[in-house]
Amino acid sequence: MARTVQVVGTGQLIELSRRLRAAGGSRLKANFARRIRRAAEPMHQDLQQTIRSLPISSGGRGAGKRGGPSPTKRPLRATIAGAIRISVRTGANPGARVWIDKGRLPSDLKNMPKVINEGPPPGRIRHPVFGNKKRWVNQSVPPFWWDKTVAKHQPRMRAEVERVLADVRNSLS
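Taking the working numbering, I'd label the letters of the sequence shown as residues 5 to 177.
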């Protein structure tokens, strides 16, 4: 898969986690986790929307080439969008993580999110035509869809996490 996005390991998050444990505030901890998840949700939704609307094009069929409907009923982009997940941890290594869960992808599509994002080469998907290993096709996609979407959301995410940290730190004081 493309790179995993994580907001973890900062000294502030770790110290805050220790203080939450010491305070024993399960309600405070749940509030902290809920707000971190809420901060990651717009990026999660944008990643799903980006992959669903990602244009994938081919060079088209040549004269005399056969074609037809896909033998599979599984839409590629919707399948990948459904595998994008968020997790929030408040224990020893606190933070939020947005990633593609390969366990939710069919076995033949496990590497497809990485291929669509990074290539090789970036912007090209090469695959057999309907599984026929004797006939291959190239398709074009805008490269780095994951990286660009994450980069767009990082400043907002960092600011939101800082605000949550400050609020929780104030309520612990």
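Glycine included, C-beta positions come from ideal geometry on N, C-alpha and C.
Note to self: Does the structure place the segment 121-130 close enough to the segment 157-173 that three or more beta carbon pairs sit under 8 Å?
What the structure shows: Flag = no, the segment 157-173 and the segment 121-130 do not touch.
| query | Should Phe134 be labelled buried (16 or more other beta-carbon atoms within 10 Å of its own) or exposed? | reply | Here residue 134 is taken as the residue at index 130 of the sequence shown, counted from 1. Flag for Phe134 reads exposed.
- Query: Quick one: what's got a C-beta closer than 6 Å to Asp105's C-beta in the same chain, skipping five residues either side?
  - Reply: Here residue 105 corresponds to residue number 101 of the sequence shown, with the count starting at 1. Listed in chain order, the non-local C-beta contacts of Asp105 below 6 Å within the same chain comprise Ala87, Arg89, local neighbours out to five positions each way being set aside.
Would you list the one or two residues that DSSP bridges to Arg89?
Along the sequence shown, one-based indexing puts residue 89 at 85. Beta-bridge pairing links Arg89 to Trp103.
Checklist entry - What is the DSSP secondary structure of Arg160, reduced to helix, strand or coil? => result Here residue 160 corresponds to residue number 156 of the sequence shown, with the count starting at 1. Arg160 falls in the helix class under three-state DSSP.
For Ser62, does the three-state DSSP call read helix, strand or coil?
-> Sequence index remark: in the sequence shown, residue 62 carries index 58 (1-based). Three-state result, Ser62: strand.
Tell me whether Arg139 sits in a helix, a strand or coil according to DSSP, three-state version.
Numbered from 1 along the sequence shown, position 135 holds the residue referred to as residue 139. Three-state result, Arg139: strand.
Looking at the structure shown, is Ser144 part of a helix, part of a strand, or coil, going by DSSP? Mapped onto the sequence shown, residue 144 falls at position 140. Residue state, collapsed to three classes: strand.
*Same chain, Cβ closer than 6 Å to Ala85, five either side skipped, listed in chain order*: Indexing the sequence shown from 1 puts residue 85 at position 81. Contacts found: Gln52, Ile55, Arg56.
For Trp140 and Pro132, which I take to be in contact (beta-carbon distance under 8 Å), what is that distance rounded to the nearest angstrom? Stepping through the sequence shown from its first residue, residue 140 is reached at position 136. Stepping through the sequence shown from its first residue, residue 132 is reached at position 128. With 8 Å as the limit, Trp140 and Pro132 qualify as a contact, their Cβ atoms being about 6 Å apart.
Q: Using the Cα positions of Lys137 and Thr83, report the straight-line distance between them to the nearest angstrom.
A: In the sequence shown, the residue the question calls residue 137 occupies position 133. In the sequence shown, the residue the question calls residue 83 occupies position 79. Taking the straight line joining both Cα atoms gives about 23 Å.
Going straight from the alpha carbon of Gly64 to that of Ile18, what length do you get? Translated into the one-based positions of the sequence shown, residue 64 becomes position 60. Translated into the one-based positions of the sequence shown, residue 18 becomes position 14. In this structure, the alpha-carbon of Gly64 lies about 53 Å from that of Ile18.
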